[in-house]
């Protein structure tokens, strides 16, 4: 009798523990980014060219290689990915791509070496429907910012060199991966053409 009670107790305890790690899929309507997040990425399209000019008059050109999204929306247990919607913008430097990420993967027993690469990420945003929260980050030329507070749209007219912007965002407080003293202090981002 004690063995049966112990099995019953363990079965109930295991059921409670597993049910606490279980979540349901969300309806599509729960995966909508706020207008503020949409405004940050909606102006970018694959094939667009970006110009980057620094304070030392160095100019670089970049091409947007992709604007894509990934949706994780399924019933899950403990080891399943968290339900989320992820949007990202990738870029390549032209004519040569210094900022492409490269790495080497080794096969079983280190017998097969595979070189892989991926374009740089300019902007990424992820929305979690369980907490109704959004995180976004910029990652440009080794400077990055991760935040949950969106930058505010600036509507005054800004002139930088030969370019005039009316609706733009200022992305500040960027961190530097390399500790280089020539780090980026601010990014002015606009979808104007």
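In the numbering used here, the protein residues as written are 1 to 193. Backbone N, C-alpha and C define an ideal beta-carbon position, used for all residues, glycine too.
| request: Can you grab the Cα-Cα spacing for the pair residue 125 / residue 159, in whole Å? | output: Along the chain shown, one-based indexing puts residue 125 at 125. Along the chain shown, one-based indexing puts residue 159 at 159. Their Cα atoms are separated by approximately 28 Å.
| Under a Cβ-count criterion, where at least 16 other Cβ atoms within 10 Å of its own Cβ denotes burial, should residue 68 be classed as buried or exposed? | Numbered from its first residue, the chain shown carries residue 68 at position 68. By the 10 Å Cβ count, residue 68 comes out exposed.
| request: Thinking residue 196 and residue 89 are a contact (beta carbons under 8 Å), I'd like their distance in whole angstroms, please. | output: In the structure as shown, the chain begins at 1 and stops at 193. Residue 196 is therefore absent and cannot be evaluated.
| Given residue 45 as reference, the closest of 65, 26 and 165 once Cα atoms are compared | The residue labelled residue 45 in the question sits at position 45 within the chain shown. Closest by alpha carbon: 65.
| Under the three-state reduction of DSSP, which class applies to residue 89: helix, strand or coil? | Residue numbering aside, residue 89 sits at position 89 when the chain shown is read from its first letter. Strand, per DSSP.
| request: Measure the alpha-carbon distance for residue 167 versus residue 48 and round it to whole angstroms. | output: Taking the first residue of the chain shown as 1, we reach residue 167 at position 167. Taking the first residue of the chain shown as 1, we reach residue 48 at position 48. For residue 167 and residue 48, the distance between alpha carbons rounds to 18 Å.
| query | Which residue from 170, 29 and 114 puts its Cα closest to that of residue 156? | reply | In the chain shown, the residue the question calls residue 156 occupies position 156. Among 170, 29 and 114, the Cα nearest to that of residue 156 belongs to 170.
| DSSP-derived helix/strand/coil call for residue 152 | Counting from 1 along the chain shown, the entry for residue 152 is found at position 152. Coil, per DSSP.
| query | Mapping DSSP to helix, strand and coil, what is residue 159? | reply | By one-based count along the chain shown, residue 159 stands at place 159. The answer is strand: DSSP assigns residue 159 an E or B state.
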